[in-house]
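Q: One structure, pasted below without further comment.
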């Protein structure tokens with residue numbers, strides 16, 4: 049499978065899983081009323097509406113900021129998709145697809161609700177991590193993939209022995 053097709057599959061899977069999980073938890077359960085749900089000693093499901101970007105930065109209370117972030121997410125997803133169409137490795141294609149799918153998932157939340165629906169809370173003792181969702185996790189995994197792809201040796205072919213030496 050080509051890097052683009054793998055990336056497209058990652059984008060679609062991320063978007064579908066993200067939106068399905070959010071819709072199910074928000075509309076199909078009583079999580080909003082009965083939170084937190086303890087899933088284990090280190091993880092709960094809770095409802096947090098994030099009006100900002102990563103880690104709650106740049107909170108946007110007004111409509112203008114909300115739509116700016118929606119448009120920014122859509123432009124970023126489009127640019128990542130163009131890059132994905134030119135990806136030279138499957139790892140790069142998947143990484144870009146994860147980031148673009150996550151950006152689209154969070155953009156839909158902002159457009160529909162005015163904020164991103166986050167629900168996974170990791171914690172241990174007094175330590176608490178930010179609350180996130182599947183789109184956020186996919187974006188982080190995609191960034192890790194970008195870093196790993198950048199650390200791989202370039203796929204340069206060796207010059208043939210018959211080739212003339214450079215001048």
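In the working numbering, the protein residues as written are 49 to 215.
For each residue, glycine too, the CB sits at the ideal point set by N, CA and C.
(1) Roughly how many angstroms separate the alpha carbons of residue 53 and residue 86, rounded to a whole number?
(2) Report the residue ranges of all beta strand (DSSP E) runs contained in full by the region 71-133; include only those spanning at least 3 residues, in chain order.
(3) Does the region 188-195 come close enough to the region 145-153 to have 3 or more Cβ pairs within less than 8 Å?
(4) Are residue 122 and residue 155 touching if we call contact CB-CB under 9 Å?
(5) Between residue 63 and residue 153, what straight-line distance do the alpha-carbon atoms span, to the nearest angstrom?
(6) Can you tell me whether residue 176 is helix, strand or coil according to DSSP?
(7) Looking only at its own chain, which residues have a Cβ that is under 7 Å from the Cβ of residue 58, when we skip the five neighbours before and after it?
(8) Determine whether the beta carbon atoms of residue 84 and residue 93 lie at a separation below 9 Å.
(9) The alpha helix (DSSP H) spanning residue 154 covers which residue range?
(10) From what residue to what residue does the alpha helix (DSSP H) around residue 185 run?
(11) In three-state DSSP terms, what is residue 205?
(12) How close, in whole Å, do the beta carbons of residue 139 and residue 196 come, if the pair is a contact with beta carbons under 8 Å?
A: Reading from the atomic positions:
(1) 38 Å
(2) 85-88, 91-98
(3) yes
(4) yes
(5) 5 Å
(6) strand
(7) 142, 145, 146, 149
(8) yes
(9) 138-161
(10) 182-199
(11) Residue confidence for residue 205 is low, a pLDDT of 45 falling below 50, so the modelled location carries little weight; the figure read from the coordinates is stated next. Residue 205 falls in the coil class under three-state DSSP.
(12) 6 Å
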